[in-house]
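If you read the sequence shown in the UniProt record's numbering, its first letter stands for residue 1, the second for the next number, and so on. Using N, Cα and C, we set each Cβ at its ideal position, and we do this for glycine too. None of the values given here were measured: they were computed from a predicted structure. A short worksheet on the structure shown next.
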Amino acid sequence: MTLDSTDLFGAVFDRRIVPVLVPMPAPKAYSYVVPDGMAVEPGSIVQVPLGPRLVVGVVWDGADDGTVDPKKLKQIEKVFDCPPLTGDMRAFLDWVAAYTVTPPGLVARMALRAPTAFDPEPMVEALRLTDQRPERMTSARERVIAAASDGFSWTRSGLAHAAGVSSSVVDGLTAQGVFETVFMPPPPVVAPPDPDFAAPRLEGAQKDAAADLLEAVEEGKFSVSLIDGITGSGKTEVYFEAIAATLRAGKQVLILLPEIALTASFLERFQDRFGAKPAEWHSDLAPRTREKVWRQVTTGQVRVVAGARSALFLPFEDLGLIIVDEEHDPAYKQEDRVFYNARDMAVVRGRISGFPVVLVSATPSVESRVNGEMGRYRPIHLPTRFGDAALPHLGVVDMRRHPPERGGFLSPVLLNQVGKAIGRGEQALLFLNRRGYAPLTLCRVCGHRFQCPDCSSWLVEHRFRGQIQCHHCGYSERTPEACPECGTLDHLVACGPGVERIAEEVERHFPEARTIVLSSDLMGVKRLRLELEAIARGEADIVIGTQLVAKGHNFPLMTLVGIVDADLGLANGDPRAAERTFQLLSQVTGRAGRTGLKSLGLLQTYQPRHPVMQAIVSGDSDAFYDREINERERAALPPFGRLASIIVSAETRNDAESHARGLRMAAPRVDGISILGPAEAPLALIRGRHRFRLLVHGRRNSDMQAFVKAMIAGGPKERGSISVQLDIDPQSFL
1 MTLDSTDLFG AVFDRRIVPV LVPMPAPKAY SYVVPDGMAV EPGSIVQVPL
51 GPRLVVGVVW DGADDGTVDP KKLKQIEKVF DCPPLTGDMR AFLDWVAAYT
101 VTPPGLVARM ALRAPTAFDP EPMVEALRLT DQRPERMTSA RERVIAAASD
151 GFSWTRSGLA HAAGVSSSVV DGLTAQGVFE TVFMPPPPVV APPDPDFAAP
201 RLEGAQKDAA ADLLEAVEEG KFSVSLIDGI TGSGKTEVYF EAIAATLRAG
251 KQVLILLPEI ALTASFLERF QDRFGAKPAE WHSDLAPRTR EKVWRQVTTG
301 QVRVVAGARS ALFLPFEDLG LIIVDEEHDP AYKQEDRVFY NARDMAVVRG
351 RISGFPVVLV SATPSVESRV NGEMGRYRPI HLPTRFGDAA LPHLGVVDMR
401 RHPPERGGFL SPVLLNQVGK AIGRGEQALL FLNRRGYAPL TLCRVCGHRF
451 QCPDCSSWLV EHRFRGQIQC HHCGYSERTP EACPECGTLD HLVACGPGVE
501 RIAEEVERHF PEARTIVLSS DLMGVKRLRL ELEAIARGEA DIVIGTQLVA
551 KGHNFPLMTL VGIVDADLGL ANGDPRAAER TFQLLSQVTG RAGRTGLKSL
601 GLLQTYQPRH PVMQAIVSGD SDAFYDREIN ERERAALPPF GRLASIIVSA
651 ETRNDAESHA RGLRMAAPRV DGISILGPAE APLALIRGRH RFRLLVHGRR
701 NSDMQAFVKA MIAGGPKERG SISVQLDIDP QSFL
């Protein structure tokens, strides 16, 4: 309908004026005039002029502030023919912007990621059988007519495929009037899932867990459930029941996954249960597919989406459940433009819209664990593996007592067990969370170390590609034969191991074994999926991998897992180092013995008495969490305190440092909030930019956002090359 002079936002104007949020870092919405005959409402997606360009925006809530002369305002150019963003979605975007201290336009931009999907998809040309028959009948023509005699309309290519003929046969029949042209709505990007397609087979603790979860879902209001189950306990099958109940209620479901690599196996499991795959949403999708998914999510045609963290900003028509699988995973934290944690924002989205959220992990984050203990989340525990499959026997290999041979990195103890496993026709996994061949290359003669010219990091040797590369900015060069400092030939030495070097050592000890190296820098997503499928079929004896192998994979023949360097994640000042190491190593060792075969996990370590190693080997995760939670509480670290990180970067060290000091001087004095720094960030130079860090520490109830906004508003303005990045609740301290 057309609006009258009293607009939707409660103000009266000679011309109708509405606020429009545009995808740029402006502090608030801009005002635009609604032309005569155009109908808009809050949430309408529109096209508006912005400087010399036309951009997409969203009509926002509130009234024009009246500071701009209406005669100087520009008009909205177009209203797109798509459902408006719902009130709950707009409230969610506003909440994220306020919490992360981000311009709201940048947050709204994440909900408008498919601009060509804003207009309806074009109708599809199809063919329908008439009463006319061809003058000459052939067997091919008979098959086409038989296939089309069901009364439905067919696309040209679909009919030809169904009848097993070439498209020219269909064209010939169409020319003789056997088929008439009709137009159909575009097909769905995925078939609708059937909640009753395959009856679940739940056992014991799974049944109890599913009943608890269904109770939360059927209440139909906001709640957060934390499924805490050991690896292989059947957590996925349990939350599938919550999905089924939500679908029966006519609601949509979002499943967040931390890695694209997990998607293929998950899609198959979902299809086995529901008879159809969910729609996918991640950065590897083809643009046309992304557009279809976005459009069909807004209209409700897509019922279930499985995607990466950005799927949280899809404008669902009627979302009724969010699942966050592997909720502890650092991949849920975005550290670019808008800094947010998708796990936490999923909880917020559920609270705003009043539906349940389910967090799932074998190794929950400390924050989620505390929320469960405090009663904020509903804990659901799965203590045993599905089908009574035994957990692997775990042990440490003390590298001080059982060192590797000279030039090697694998202890004789681990090598012996690898030989036994592949001798039985089973598989072994060797895990090292370090890509490439070696993390450092130096000259034996003069000691020159190969460092990135644009970052304060060493160049990693990738021997398979013949390159040394920076893993922070992507700089690379051919691996040199001579030292650039002293010119000496053949005296460059690789220091430390990466997965490629471990593969070289394995080849030396087991030359007949079939070995696969899994690392993100060696393959794209499609090849990675093929390799994972090959491993699951038993087409590899030894798998050597980075953290890609730690998450969600089911390898039936995997009976040995060896952690090459269990101490690696402990060697930094990150307050979450122990937690991250415990989670990663627990997930990796959980790849063994998932189908009931007797299995073993070995951790090579120089710190066998470290609490993390002891917790993993003993299986006493409660003791580890209790110790970690107590330490966090004493230090007032999250979840018992709050942190905010401010990174100031500039092209010169002096500019970055002076700006950071200016911010520190402008900080308001607030009881319970303190500032550490400025100090050079651990990675003091990235992509040629010098970096200084301020860390703000406050109590749990501190208004961190107000403090940081006051500090930035009162501090020096960003000029020249200076840039300020703000991260509320930081996960990385580099």
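Reduced DSSP secondary structure (H/G/I, E/B, other) of Phe-355: coil
Three-state secondary structure assigned by DSSP to Asn-341: Look at Asn-341 here: in three-state DSSP terms it is strand.
Just to confirm my understanding: we take Gly-204, look at its own chain, exclude 5 residues before and 5 after, and list those with CB closer than 8 Å. What are they? Thr-384
Nonlocal neighbours in the same chain, by C-beta distance under 6 Å from Ala-666, ignoring five residues either side: Met-711, Gly-714 and Gly-715
Are the beta-carbon atoms of Pro-392 and Thr-246 separated by less than 8 Å? no
Going by DSSP in three states, residue 773 sits in which element: helix, strand or coil? Outside the shown range of the chain (1 to 734) lies residue 773, about which nothing can therefore be said.
If you follow the beta strand (DSSP E) that Ile-544 is part of, which residue opens it and which one closes it? 542-545
Do the CB positions of Tyr-239 and Leu-213 come within less than 8 Å of each other? Yes, these two residues count as a Cβ contact at 8 Å.
Please report the Cβ distance between Pro-258 and Phe-270, rounded to the nearest whole angstrom; I am assuming they are in contact, meaning their Cβ atoms lie under 8 Å. Wrong, their Cβ atoms sit about 16 Å apart, outside the cutoff.
Where does Arg-576 fall in DSSP's three states? coil
Tell me, please, which residues DSSP counts as bridged to Glu-280. Ala-306
Apply the 10 Å Cβ neighbour rule to Phe-118 and answer buried if 16 or more other Cβ atoms are within range, or exposed otherwise. So Phe-118 ends up on the buried side.
Please return the same chain residues whose Cβ sits closer than 7 Å to the Cβ of Tyr-606, not counting the five positions on each side in sequence. Met-399, Arg-400 and Asp-567
Do Val-253 and Val-357 count as a contact pair if the criterion is CB distance below 8 Å? no
Please name the residue, chosen from Asp-671, Ala-684, Arg-664 and Pro-315, that lies closest to Leu-694 on a Cα-to-Cα basis. Arg-664
Extract the residue ranges of the beta strand (DSSP E) inside the stretch 465-553, only unbroken runs of 3 or more that lie entirely within it. Taking only runs of at least 3 residues, the beta strand (DSSP E) segments lying wholly in the stretch 465-553 are 467-469, 476-478, 492-495, 515-518 and 542-545.
Using the DSSP secondary-structure output, state which residues sit across from Glu-461 in a beta bridge. Ala-438 and Ile-468
Please say whether Ile-563 and Val-506 have beta carbons closer to each other than 8 Å? no
Between Ala-482, Val-499 and Gly-51, which has its C-alpha nearest Ala-409's C-alpha? The identity of residue 409 in the sequence shown is Phe, whereas the question assumes Ala. Looking at the Cα atoms, Val-499 is the closest of the given residues.
According to DSSP, simplified to helix, strand and coil, what is Ile-722? coil
Please report the straight-line C-alpha distance between Gly-10 and Asp-61, rounded to a whole angstrom. Because the pLDDT at Gly-10 is just 41, under 50, the model does not fix this residue reliably, and the point stays unresolved.
Whole angstroms are fine: how far does the CA of Ile-647 sit from the CA of Leu-312? 26 Å
Rounded to the nearest angstrom, what separates Gly-395 and Glu-628 at their Cα positions? 22 Å
Beta-carbon within less than 7 Å of Pro-25's beta-carbon, same chain only, minus the 5 sequence neighbours each way: which residues are those? Pro-103, Gly-105 and Leu-106
When the Cα atoms are used, what is the spatial distance from Asp-521 to Arg-435? Distance between the alpha carbons of Asp-521 and Arg-435 is about 7 Å.
Taking DSSP as the reference, what is the three-state secondary structure of Leu-159? helix
For a quick check, are the C-beta atoms of Thr-441 and Leu-492 less than 8 Å apart? yes
Helix, strand or coil for Lys-235? Go by DSSP, reduced to three states. When secondary structure is reduced to three states using DSSP, Lys-235 falls in the helix class.
For Val-18, which of helix, strand or coil comes out of DSSP? strand
Met-184 lies in the beta strand (DSSP E); which residues open and close that run? 179-184
Given this structure, state the Cα-to-Cα distance separating Asp-318 from Tyr-99, to the nearest angstrom. 24 Å
Below 7 Å CB to CB, which residues in the same chain sit around Gly-466 once its five sequence neighbours on both sides are set aside? Arg-478 and Thr-479
Whose CA, out of Gln-587, Val-297, Gly-350 and Ala-163, lies closest to the CA of Ile-322? Gly-350
Quick one: is Pro-364 buried, meaning 16 or more other Cβ sit within 10 Å of its Cβ, or exposed? buried
Can the beta-carbon of Gly-698 be found closer than 8 Å to that of Gly-641? yes
So what's Val-12 in DSSP terms, helix, strand or just coil? Legend: pLDDT at Val-12 = 38, less than 50; position of this residue unreliable, value from coordinates given subsequently. Note: Val-12 maps to strand in three-state DSSP.
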